[in-house]
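A short worksheet on the structure shown next.
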Amino acid sequence: MGNVEPSKNNKMLLALKRAYVPVTAIEYTTLRSRKYEKDSTIEIPTDISFCTQSGNRVFILQKGTILVGDFNSMLFRDRVTVDFSVLGIEQLSYGAVVFGNNGLHFIDENLSLQRVTGVSTNSVKAYCSSGNVCYAVTEDNEVLAIVLEFSAQGRPYPVSTSISKAISAADWGDNPQMVAIDNTLYIARAHDIYIYREGAWTRYDFGVHTIRKIGALANRLVVSFHDAFTLFEVPIVIPTADDFEGS
Amino acid sequence: MANNTSRDDIQYEILRFVRTERIGFQKGLIERPDNNAIGYAGDIENMDIIDGVAVRRRGTRCLNDPDVALDIIAMHSTIISGCPVLFLITREREVKAALIEYPERIMTVFKKGFAPLKPELTGENAYILSFRKGSQFFFLESDEKLRIMSNLGETYTINKLGYIQVFSKVVLPTEIELPTDIIDARTDTNNACLGLEIEDTTHIRPPKFYLVRDKSRRCTPVSGEICVGIENNEGVVGPMSESIVVPEYGHFYVSLVNAKCITNGFDFLGFATPFDSAQDVMYVRRNVEFYPASNTFVFSSYTRQDSPPHNPQEGTSVFSANVYLAITTKGNVCFWFDYQSLAEDIDAPSIPVGVPAFGSPILFYDQTIKSIKNTNDISASGGVIESDAFIQSVISPYKFFHITKRVQTYVPFKYAVETDTNTKRIINDGANKYVGEVYFTDIPAPIYGSIFSDDENIVYLMIKDGLNYYPVIPENDGTGKILGFAKARITMLRGSDGKLYFMPVYFKYDFKAQSGYFLHNKGFDCWDGEFIIRERLLSSVSNPALQITAIDQSTCKVSLSPAYDIFVPCEDPTSNDYLNWMQNGRRFVVWNNGNIISRSQMAYMNSSGTIVYDFINSNNGQIITDD
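And the structure:
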């Protein structure tokens, strides 16, 4: 409906396919040649465990190694060697937080690894980032906020603090979901969502509806539900976090 | 009362007029970047009538239930040309989308533009964005691009400043988009689609590559370290392959599939299977012109035949000695003798003495013979067919090979002769097969090499009669009888004058696995190529795929017209390495000593795998229909 009969030319075009000739002739090399430095260290992603992006840099964990690449080329030339098991990577400012089985680490812009000071954890359930703040839910049901602070000499260093003291009794279950939108953190459990904003926690309960996935759309929270007996079969758009306050 | 009602209505309308914001759709369809979707035609669907006033909807909205619940495993939102879009990836690895201004539908994401996203698929499925494999998905983005990458590296890049449009179904490049499609998208429950500019930017590792020596030496000579790298669809060269070091300068094509250079002739024997496979063969007739003035036959040209001519008995006053000889790929000389035809003419006076016994025939060769005369009659008592070489040569360089080994009793074809040397009419009795004897001999490799190194290699079959061979020495007592050539089958016929004539010679070439792609470099690395199946290559129908222009007898290479440079052998036109790379490959670059010196071509091909430059003229102006 709404579409008209294709023209002859268009139909002819559709019969053609883009093709790549597997043979090339080495000729006119004076015109065609260009300098290219062959880099044997280049890796391409083929088996990614974790991936995050910080500006033009892309960090991936591939076969136990953190590879750092370029967003434009998606080629990974640099490696960050770690001597621990990596549980996840998440962006923080211009670097990335590495959740290891021996604590929290931070990869700075020089790709050097430094340990995160403050509250640490050896196991995380979920994590997310809003850019300048990285959030994580630990096995101990503690919610950590990791930020970069600056020393007296102006040197940045990562600091982790707990932001869940007000809701210390909350049990996040095995698989909480997190999303940070602007300055608001949403942590979803089976049936409810906790919202952390400006140092205060609020909670929104969906009752019998089971949350499948949460996300963001234009600075709004999107919630997808499992429950087949409700209207909430597919994502709904919730206007702002303000709607949750007081509930 | 009625007046009050009327007044209320008027007040209501005035109030409605004042409160209603002006909404225009003068901007048409969204086809270019803009930071605000309001005002475009699609915005008409985002209005609700509240208290009689059209307002843009906002607030929490619940989407319609899809027929099948979507198990969403990844979400990401971004702004495409000013329009906030929420991308959803389902457990089935399909990418869906929702718009904040139009949230009632979960839309299928498809690629706009001519080239399909998944060339291995057909129809609209080739344009729908979904991942072939992977269980985790990551979203990476910049101001201009959004990359969706699976944990196995499959990556699709969406242009954030490009095309965006909503339709009721996937709009193929053949279809014209109408504004009504947008309205249809709201009412058509399952077919709402979001068209975007998407490109498959997956990096792939370079496969094994081949250096194919360019025998025409048109390519630039290179030496040193050579390797290849694969470009993705953004033009980024990925990791390089392992290198091949070329110690001395050489001319090469670089191929990612097994290929062979045929610029200087198509080496049939290079691909041939053993001689006696008796199938998939091509016959080439070497035409012999008869010059009455000199009473001479001269080999003049070559013609491809569907099959050798048959059945000498049907021609009147024709006798065929029917001794067939051929060189096998292993350097053997093979011939067979057709009893069937012989029996008919057993009493003919021209039958060479000793042929039926066939005890120990030998082969006799002479490299100097260029033409053959039939100046002498051959009689039962033995005649002589003279040649220039026989007259001028001496016996000393001749070599003899006893033919003793019987390899089969089945003659695959019955070869015969033309009924008339002038009109060259061919009698063909179809697929009849006759029983005969096939004999076989081995020629030692050194001798073989010395014999068959020149252009004209002729080996004579000599018949042993008792203790004598005929004709061993043409100049001696004139009892020799020349029956055939090696590397060929030669037949003789008895003309009306009672003389034996040498007739056109038929070469046999095995064509096992000879279907494949023939590629021609048009210049500047632009290629013409098509798949030619064996039957078409062998056929001598009015429109053969290739014309044979010359045959090098010593190497058995055939020059073809049109000229091709590369041959990629493969049997299945629908599934082979060449076609697989054509469809699913990428451009690749050749790296040599610090420079990228060559970059392969991206072309367009039709459904049969033929590269197309002019899609109208390439098909004689006919509409190409997809299979």
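Keeping their order, the protein sequence lines are chains A and B.
So in our numbering, the last one in the first sequence is 467, and the numbering has no gaps at all.
So in our numbering, the last one in the second sequence is 1209, and the numbering has no gaps at all.
Just so it is clear, CB atoms sit at the ideal spot from N, CA and C, and this is done for glycine as well.
| message | Is the beta carbon of B:Leu711 closer than 9 Å to that of B:Glu676? | response | Cβ distance < 9 Å, so B:Glu676 and B:Leu711 count as in contact.
| said: I need the straight-line Cα distance from B:Ser1157 to B:Leu670, nearest angstrom please. | reply: 34 Å
| Integer Cβ distance of B:Asp1147 from B:Leu1101, believed to fall under 8 Å | 6 Å
| Hey, is A:Leu295's beta-carbon within less than 9 Å of any beta-carbon in chain B? | yes
| query | Distance, Cα to Cα, B:Lys797 vs B:Thr704? | reply | 39 Å
| query | In the DSSP assignment, what residue or residues form a beta bridge with B:His785? | reply | Beta-bridge pairing links B:His785 to no other residue.
| field | B:Pro698 classed as buried or exposed, judged by whether at least 16 other C-beta atoms fall within 10 angstroms | value | Burial state of B:Pro698 is buried, judged by a 10 Å Cβ sphere holding 16 or more other Cβ atoms.
| query | To the nearest angstrom, how far is it from the Cα of B:Val989 to the Cα of B:Ser1097? | reply | Since pLDDT at B:Val989 reaches only 30, below the 50 mark, its modelled position is unreliable, and the value read off the structure follows with that caveat. Their Cα atoms are separated by approximately 29 Å.
| Contact check, A:Ser396 vs A:Leu312, beta carbons under 9 Å | Note that residue 396 of chain A is Pro in the sequence shown, not Ser. No, these two residues do not count as a Cβ contact at 9 Å.
| request: Put B:Ile780 into one of helix, strand or coil per three-state DSSP. | output: strand
| message | By DSSP's criteria, A:Ala316 is part of a beta bridge. Which residues make up the other side? | response | A:Gln311, A:Ile327
| field | Selected residue, minimal CA-CA separation from A:Ser332, among A:Asp267, A:Thr272, A:Val317, A:Tyr355 | value | A:Val317
| What residues from the segment 264–278 of chain A come within 9 Å of chain D, judged by C-beta to C-beta, listed N to C? | The structure shown contains no chain D; the protein chains it does contain are A and B.
| query | Does any residue of chain A bring its CB to less than 9 Å from the CB of B:Val1194? | reply | yes
| Are A:Thr244 and B:Asp653 close, meaning C-beta to C-beta below 9 Å? | no
| field | Beta-carbon gap between A:Glu362 and A:Thr337 smaller than 9 Å | value | no
| Short Cβ contact (9 Å threshold) for B:Thr845 with B:Thr783 | no
| For A:Pro378, the residue or residues it bridges with in DSSP | A:Leu368
| Should B:Gly1176 be labelled buried (16 or more other beta-carbon atoms within 10 Å of its own) or exposed? | exposed
| With a Cβ-Cβ cutoff of 9 Å, do A:Ile407 and A:Val443 count as a contact? | no
| What does a CB cutoff of less than 8 Å around A:Asp394 pick up in its chain, not counting 5 residues either side in sequence? | Lys345
| Simplified DSSP assignment, three categories, for A:Met392 | The question names Met, but residue 392 of chain A in the sequence shown is Trp. Three-state result, A:Trp392: coil.
| task | Tell me whether B:Gln747 sits in a helix, a strand or coil according to DSSP, three-state version. | result | strand
| query | B:Lys693 to B:Lys678, Cα distance in whole Å? | reply | 12 Å
| task | Using a threshold of 9 Å, state whether the C-beta atoms of B:Trp1173 and B:Cys809 are closer than that. | result | yes
| message | Let me confirm a value: A:Leu307 is counted as buried when at least 16 other C-beta atoms fall within 10 Å, else exposed. Which label applies? | response | Label assigned to A:Leu307: buried.
| said: Just verifying my parser: in three-state terms, what is the DSSP assignment at B:Thr1156? | reply: coil
| task | Taking only beta-carbon positions, decide if A:Thr430 is within less than 9 Å of chain B. | result | no
| field | Reference B:Glu548, options B:Asn814, B:Pro803, B:Val1194, closest by Cα | value | Lying before the first or after the last residue shown, residue 548 of chain B is absent from chain B, which here runs from 583 to 1209.
| query | What residue from B:Phe696, B:Ser750, B:Ser717 has the CA that sits closest to B:Ala774's CA? | reply | B:Ser750
| task | Assign B:Arg675 to one of three DSSP states: helix, strand, or coil. | result | coil
| In terms of alpha-carbon separation, which member of B:Ala1145, B:Ile1114, B:Ser1189 lies closest to B:Glu1153? | B:Ile1114
| Between the Cα of B:Lys842 and the Cα atoms of A:Pro242, A:Arg238, A:Lys237, which residue gives the shortest distance? | The candidate whose alpha carbon is nearest that of B:Lys842 is A:Pro242.
| task | Give a yes or no on whether 9 Å exceeds the smallest Cβ distance from A:Phe319 to chain B. | result | no
| Thinking just about the alpha-carbon of each residue, which of B:Thr737, B:Asn741, B:Ser717, B:Glu736 is nearest to the one in B:Asp725? | B:Asn741
| request: Use the C-beta contact count for B:Gly1191: other C-beta atoms within 10 angstroms, 16 or more gives buried, fewer gives exposed. | output: buried
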